[in-house]
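S.K.: First, the structure itself, so that you have it in front of you.
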Amino acid sequence: MRLPTILALLLAAGTIASPARAACDVTGARIEETIARKGELQEGANKQAVRDLRTLRDAAIVLETYKYVTECERVLEIVKTLASNPDKAIEQSGDTDEEKAESLQEARKPKPPVAAPAEPAKAK
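Taking mature numbering (1 follows the signal peptide of the UniProt record, and there is no 0), I'd label the letters of the sequence shown as residues -22 to -1, 1 to 102.
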């Protein structure tokens, strides 16, 4: 009789102790499933829109990790909206400037650390 009460208290304490986990449910948003269901997003011309949706999903994961729950929820809301209406998402992402795309792609690449200048050798 006491064991179920103790388990109930532990479960309640776990729920209360970790509200941030339940507040921004990136997994529960089922972004990949939504992308897979939408035929428009499967078309080759819409690869960038799909990459953008996944990038936003990844951003939500990072925000959740750093305990930015409100921001995570907002990003998930945006992703769900865009994924649920692919035509509008594709229309809104209409920027096809190749140079801009290339410069953004370059900016995403990690840069090597800048080496500190070598100190001159001391004379003996």
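Idealized CB from N, CA, C, for every residue including glycine. Note that the coordinates shown come from a computational prediction; the quantities given were computed from them, not determined experimentally.
1. Taking VAL47 as the reference, which of ALA1, LYS25, PRO95, PRO98 has the closest Cα?
2. Take the Cβ of ARG35 as the centre, count every other Cβ of all protein chains shown within 10 Å, and call the residue buried at 16 or more, exposed below.
3. Taking DSSP as the reference, what is the three-state secondary structure of ARG8?
4. From which residue to which residue does the alpha helix (DSSP H) around GLY22 run?
5. Give a yes or no on whether the C-beta atoms belonging to LEU41 and ALA7 are separated by under 8 Å.
6. If we call anything under 8 Å between Cβ atoms a contact, is LEU31 one with VAL57?
7. Leaving out the 5 sequence neighbours to the left and right, which residues in its chain are closer than 6 Å to ALA38 when beta-carbon positions are compared?
8. Do you know offhand how far GLY22's Cα is from ALA85's?
9. Looking only at its chain, what residues have a beta carbon closer than 8 Å to the beta carbon of ASP65, apart from the 5 residues adjacent to it on each side?
10. Where do the ends of the alpha helix (DSSP H) carrying CYS50 lie?
11. Assign GLU97 to one of three DSSP states: helix, strand, or coil.
M.R.: The relevant details are as follows:
1. For the purposes of this step, residue 47 is taken as residue 69 along the sequence shown, with counting starting at 1. Among ALA1, LYS25, PRO95, PRO98, the Cα nearest to that of VAL47 belongs to ALA1.
2. Taking the sequence shown and counting its residues from 1, one reaches residue 35 at position 57. So ARG35 counts as buried.
3. Your numbering for residue 8 matches position 30 in the sequence shown. Coil, per DSSP.
4. Within the sequence shown, residue 22 is the residue found at index 44, counting from 1. From DSSP, GLY22 is part of no alpha helix (DSSP H); its letter is neither H nor E.
5. Translated into the one-based positions of the sequence shown, residue 41 becomes position 63. Translated into the one-based positions of the sequence shown, residue 7 becomes position 29. No, Cβ-Cβ distance for LEU41 and ALA7 is not below 8 Å.
6. As a first step, residue 31 is located in the sequence shown; it is residue number 53 there, counting from the start. As a first step, residue 57 is located in the sequence shown; it is residue number 79 there, counting from the start. In this structure, VAL57 lies closer than 8 Å to LEU31 by Cβ.
7. Here the question's residue 38 lines up with position 60 in the sequence shown. Same-chain partners within the cutoff: VAL4, CYS50, VAL53, LEU54.
8. Against the sequence shown, residue 22 aligns to sequence position 44. Against the sequence shown, residue 85 aligns to sequence position 107. Looking at the two C-alpha atoms, the distance is approximately 24 Å.
9. Position 87 of the sequence shown holds residue 65. Counting only Cβ-Cβ distances below 8 Å, and skipping sequence neighbours, we find GLU18.
10. If you number the sequence shown from 1, residue 50 lands on position 72. First-last of the alpha helix (DSSP H) with CYS50: 47 to 62.
11. Here residue 97 is taken as the residue at index 119 of the sequence shown, counted from 1. Reduced to three states, the DSSP call for GLU97 is coil.
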